[in-house]
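Residue numbers (our numbering): 111 to 1055.
For each residue, glycine too, the CB sits at the ideal point set by N, CA and C.
All values reported here derive from a predicted model rather than from experimental measurement.
See structure below.
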Amino acid sequence: MADQKRLFLLDAYALIFRGYYALIKNPRINSKGMDTSAIMGFVNSLFDVIKREKPDHLAVCFDKGGSAERTEMYAEYKANRDETPDAIRIAVPIIQNILKAMHIPVVELEGWEADDIIGTLAKQAEKEDYKVFMVTPDKDFGQLVSENIFMYRPARMGNGIEIWGIPEVQKRFGVERPEQVIDYLGMMGDASDNIPGLPGVGDKTAKKFIEEFGSMEELLANTDKLKGKMKEKVEENAELGLLSKKLATICITCDVKFDAADYQLSMPDSEKVQLIFEDLEFRRLKEQFIKIFSEEAETNEAQATSEKSANKEPHEAGGGQFSLFGNDGTTSPATLKEVSSRKTINDVPHAYQSVAPGMATKLFMQNLMKQTAVCFDTETTGINPLTAELVGIAFSWEPGKGFYIPFPEDKNEAQEIIEILRPFFEAEEIEKIGQNLKYDIKVLHKYNVQVKGKFFDTMLAHYLINPDMRHNMDVLSETYLNYTPVSITELIGKKGKNQLSMREVPLAQQTEYAVEDADITLQLAHHFRPELTAAKTEDLFNDIEIPLLHVLADMELEGINLNEPFLHSLAQELENDIKTLVIKIYEQAGEEFNIASPKQLGEILFDKLKLVDKPKKTKTGQYSTSEDVLSYLAKDHEIIQNVLDYRGLSKLKSTYVDALPEQVEASTGRVHTDYMQTVAATGRLSSNNPNLQNIPIRTERGRQVRKAFVPRDSDHVLLAADYSQIELRIIAALSEETTMIEVFKNGEDIHASTASKVFNVPISEVTREQRGNAKTVNFGIIYGVSAFGLSNQTDLSRAESKELIETYYKTYPKLRSYMGSQIDFARDNGYVQTILGRRRYLKDINAGNAVVRGAAERNAVNAPIQGSAADIIKIAMINIHKKLTAGNYKSKMLLQVHDELVFDVYKPELEELKTLIKTEMENAYTLAVPLDVELGIGEDWLEAH
111 MADQKRLFLL
121 DAYALIFRGY
131 YALIKNPRIN
141 SKGMDTSAIM
151 GFVNSLFDVI
161 KREKPDHLAV
171 CFDKGGSAER
181 TEMYAEYKAN
191 RDETPDAIRI
201 AVPIIQNILK
211 AMHIPVVELE
221 GWEADDIIGT
231 LAKQAEKEDY
241 KVFMVTPDKD
251 FGQLVSENIF
261 MYRPARMGNG
271 IEIWGIPEVQ
281 KRFGVERPEQ
291 VIDYLGMMGD
301 ASDNIPGLPG
311 VGDKTAKKFI
321 EEFGSMEELL
331 ANTDKLKGKM
341 KEKVEENAEL
351 GLLSKKLATI
361 CITCDVKFDA
371 ADYQLSMPDS
381 EKVQLIFEDL
391 EFRRLKEQFI
401 KIFSEEAETN
411 EAQATSEKSA
421 NKEPHEAGGG
431 QFSLFGNDGT
441 TSPATLKEVS
451 SRKTINDVPH
461 AYQSVAPGMA
471 TKLFMQNLMK
481 QTAVCFDTET
491 TGINPLTAEL
501 VGIAFSWEPG
511 KGFYIPFPED
521 KNEAQEIIEI
531 LRPFFEAEEI
541 EKIGQNLKYD
551 IKVLHKYNVQ
561 VKGKFFDTML
571 AHYLINPDMR
581 HNMDVLSETY
591 LNYTPVSITE
601 LIGKKGKNQL
611 SMREVPLAQQ
621 TEYAVEDADI
631 TLQLAHHFRP
641 ELTAAKTEDL
651 FNDIEIPLLH
661 VLADMELEGI
671 NLNEPFLHSL
681 AQELENDIKT
691 LVIKIYEQAG
701 EEFNIASPKQ
711 LGEILFDKLK
721 LVDKPKKTKT
731 GQYSTSEDVL
741 SYLAKDHEII
751 QNVLDYRGLS
761 KLKSTYVDAL
771 PEQVEASTGR
781 VHTDYMQTVA
791 ATGRLSSNNP
801 NLQNIPIRTE
811 RGRQVRKAFV
821 PRDSDHVLLA
831 ADYSQIELRI
841 IAALSEETTM
851 IEVFKNGEDI
861 HASTASKVFN
871 VPISEVTREQ
881 RGNAKTVNFG
891 IIYGVSAFGL
901 SNQTDLSRAE
911 SKELIETYYK
921 TYPKLRSYMG
931 SQIDFARDNG
941 YVQTILGRRR
951 YLKDINAGNA
961 VVRGAAERNA
971 VNAPIQGSAA
981 DIIKIAMINI
991 HKKLTAGNYK
1001 SKMLLQVHDE
1011 LVFDVYKPEL
1021 EELKTLIKTE
1031 MENAYTLAVP
1041 LDVELGIGED
1051 WLEAH
């Protein structure tokens, strides 16, 4: 007997919305400025189902025009929903085009919701002996579950997929039969669909009623068994309850028909799908698509061949295999070829040459030194510039042409070639073009070469043109030049023990690959120059980002000294602290469990200990134990505070205390972080490998990690220079809020001054608590703090918080006016900008959806402030670096952490350097308020800070 065939029905809008909101904080924006998050999220869910489940039959169901029947019954049905975000409205027809190209049925019916279509199809397919999986995170589908119909809840946020059959529905809703879910929903209502339910009835009460009465009708027929106000509420709202049950009922008789032949999963139109993905700039999804369908086609072809050789007919698609056979039993092609509208190295005439030693190299150098702008690209043995050795250098100064100079493995011979090339690298009059030039500078530093002259870095240029997009060369090439470069994996293979070194690649292939990179980068530079001018970010590029590149390269090469023995002892202390906390948590819980498991922790806190009446749940139905949820409850429950402390110490130990000694570079004995200029859209720098910007400083143990960073030797001392309240000073200056400006000019305490004004008390009588609350508002306003947010961060109630914020705005009216003007500017122009003209594009500023628009409005206020602070510290870094270099100081700038700079200062230079650093930082930019810098000196970073 053939295995039972399986049908998967996808709830389109539920998956589209889910994908969109999963990426709301970090949306996927392509080069056209289009938010592709909703499309990407949906396609990921679709591919996950196909890859994981290999379904026989599949269809995707869409709402069309809403439910006419439900709206007729109840005009307020779904009336409370925000307007659909523009990104989703734009996404739907594109998603449908993708599905059509994949030969996946799109099922929609005017006046019906996807729930009803899925319900009808599921019940029809069940009668035809199919096992049906409804792919949706929506709990309402629980009412349709049967022996052969299941809910398939996709994986999300680290949680795996969940398949709900009858037992899972019984447990989740407290019902005996799945159809009682309708009664449960009718009783408690559904805020998302605006189904009213019975007033006062929540999850627990609905489950209790189901257990006692079994249905809505039986409950209403037996109200005499209820007591007090609940009896009154249920009797008064009987009709509302029955209406709610009708509204919650999924229709299983709408006018659609399950057709097994139409819904059979078949080979897609590969070319169409790939071209759509190219247009959307979905490089990874395109690769995934080719891989999934090639593998499945190969599997089925192998099966077909095997069956034919045994004189058997091809089996019916079933048992979890694709049906990729034609009606005549022949297979589709075994592999999908990559289709592209883009050109490759094979399509474009080009002249890439390797340069031989001797006369050829001399002639090459004569030509090279005549140029005014040259793109160069180093090929190395690895990605760590501190250990990588040169394999070759490619040069290009004319599109379609270029040269490659290979380097021998012998270091002395390699140095000889570098000496021949040195005049080029040190020529001030020749502009050097590259992609991520900081890497090349650091590699060449090992060969005692300082790269001089004007720079043009395509990665940095694109970051200023389109900060929200990715900036790696392959993406830029495909996006702006419609050209796909040769992949490095084609040369050296994928990561793993069999991966080659670049040295092992034949010279001809090295030449083609390396010179292509230089050629493409040169062409990108030509493309980006006018775009920088159009975006009015040319000065920012030439005066800030390019000079900073040199500064960061020097800081990264310098590194910082680490006290490893101290970290080893701290690791032991942390281990003891963690063990103590574990014992306490087990005692308070009354049993041992995995504290690191959100599921087990949630069950302990909310099922066993019942710390909260209505605990928050995740989309997968398990209790939420996220940081924000637990932080809110910590002050009332010691076990929760202990859990938070356990998490904090465990993360501190694994991320820093254990990891930092492993990140000491053997060749220098120091830690070398990598500063990235092109990650944060605000203009802030990011730190990586290790990330030194996220070391916690609010806890005692967190601060101790800074103690591990020490001076070079006994002749040096660490100096930390920190901008005091720079963001508040910037917002005071930009808003022209005279009251705040005067406070800063007079050197007064801004938080005490604010507290005095908003609480209407003399400044001498401001309490510590009042100052703390004023400080929270001062900094929170920049980030659009709400009354709810403020009450969570302070001991104030929500009403008190609301009143405090309103009083704050009355105290500083120009501040509020400025915030409004920034939002208006963004609405008119689509972006906001910093004091130096750095733009933050806000495509959702005019969105109809309030949640999406609200996030953009907060960014409209915050980005110019945070970005201006980043601009100012970058100016200071450039100016200080110039002074240190020109003065030939032994002291070095080591770290930048938000508003702070850390220096390794040679002790005889200390007094001079204190004045130099403070002066340069405070005079980096002139605002209506003075900039103030606090200096600290110490034998470690903690002491200096």
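Alpha helix (DSSP H) segments (min. 4 residues) lying fully within the region 202-284: Complete alpha helix (DSSP H) runs here, min 4: 224-237, 276-283.
Quick one: what does DSSP say F305 is sitting in, helix, strand or coil? A quick correction: the sequence has Ile, not Phe, at residue 305. The answer is strand: DSSP assigns I305 an E or B state.
Quick check on DSSP: helix, strand or coil for T921? helix
Check whether the Cβ of V596 lies closer than 8 angstroms to any Cβ atom in chain C. Going by chain labels, chain C is absent from the structure shown, which holds only one protein chain.
Does DSSP put K745 in a helix, in a strand, or in coil? The three-state secondary structure of K745, taken from DSSP, is coil.
Would you list the residues sitting across from A830 in a DSSP beta bridge? V1012, G1046
Range of the contiguous beta strand (DSSP E) that encloses Y462: Unbroken beta strand (DSSP E) run through Y462: 461-464.
Can you tell me which residues form a DSSP beta bridge with P516? G502
How many angstroms separate the CA atom of A364 from the CA atom of A232? Rather than Ala, the amino acid found at residue 364 in this sequence is Cys. One C-alpha to the other measures close to 12 angstroms.
What whole-angstrom Cβ distance do L125 and Y373 have, given they're in contact under 8 angstroms? About 18 angstroms separates the two Cβ atoms, so there is no contact after all.
Are there 16 or more other CB atoms within 10 angstroms of the CB of F152, so buried, or fewer, so exposed? buried
Which listed residue (A979, I750, F403) has its alpha carbon closest to that of M212: F403
Please go through the same chain and pick out, in chain order, the residues whose beta-carbon is closer than 8 angstroms to the beta-carbon of G1079, but skip the five residues on each side of it. Here the chain comprises residues numbered 111 to 1055, so residue 1079 is not present and cannot be evaluated.
With a CB to CB cut of under 6 angstroms and the five nearest residues on each side skipped, what residues in its chain are close to Y262? Here the set comprises F243, V245, I273.
With A970 as the anchor, note down where its alpha helix (DSSP H) starts and where it stops. 960-996
In chain order, what are the residue ranges of uninterrupted alpha helix (DSSP H) at least 4 long that sit wholly in the region 901-957? Here the runs fully enclosed are 908-921, 923-939.
Between which residues of its own chain and E523 is the CB-CB distance below 7 angstroms, once the five residues before and five after are set aside? none
Measure the Cβ-Cβ separation of S741 and L754 and say whether it is below 8 angstroms. yes
What first and last residue would you give for the beta strand (DSSP E) that runs through S155? Segment 147-163 is the alpha helix (DSSP H) holding S155; no beta strand (DSSP E) there.
Supposed contact pair K542 and G563 - C-beta distance, whole angstroms, cut 8 angstroms: 6 angstroms
With DSSP as the reference, label E1021 as helix, strand or coil. E1021 carries a helical assignment under DSSP once its states are collapsed to helix, strand and coil.
On the DSSP bridge assignment, give the partners of G544 in chain order. Beta-bridge pairing by DSSP links G544 to D567.
Mind checking V895: buried by the 16 CB within 10 Å criterion, or exposed? Burial call: buried.
Cβ shell of A973 (< 7 angstroms), same chain only, five flanking positions each side left out: T792, V942, R950
Other residues of its chain near A148: CB distance less than 7 angstroms, five sequence neighbours each side excluded: I126, G129, Y130, A197, I198, A201
Mind checking whether Y833 and I990 have CB atoms under 8 angstroms apart? no
Can you tell me where the alpha helix (DSSP H) holding F323 begins and where it ends? 313-323
N801 lies in the alpha helix (DSSP H); which residues open and close that run? Counting along the chain, N801 falls outside any alpha helix (DSSP H), and DSSP gives it neither H nor E.
So, using beta-carbon positions, are Q253 and E278 closer together than 8 angstroms? no
How close, in whole Å, do the beta carbons of H782 and G669 come, if the pair is a contact with beta carbons under 8 angstroms? 4 angstroms
Just reading off the beta strand (DSSP E) that Q1006 is part of, what are its end residues? Q1006 -> beta strand (DSSP E) spans 1002-1007.
In the DSSP assignment, what residue or residues form a beta bridge with E775? Bridge partners of E775: R780.
Below 8 angstroms on the Cβ atoms is my guess for I714 versus A699; work out the distance and round it to an integer in Å. 5 angstroms
For N134, the three-state DSSP class (helix, strand or coil): One detail in the question is off: residue 134 reads as Ile in this sequence, not Asn. I134: coil per DSSP, three-state reduction.
Am I right that F319 and M297 are in contact with their C-beta atoms under 8 angstroms? What's the rounded C-beta distance? 6 angstroms
Coil, strand or helix - F172 by DSSP: Correct three-state label for F172: coil.
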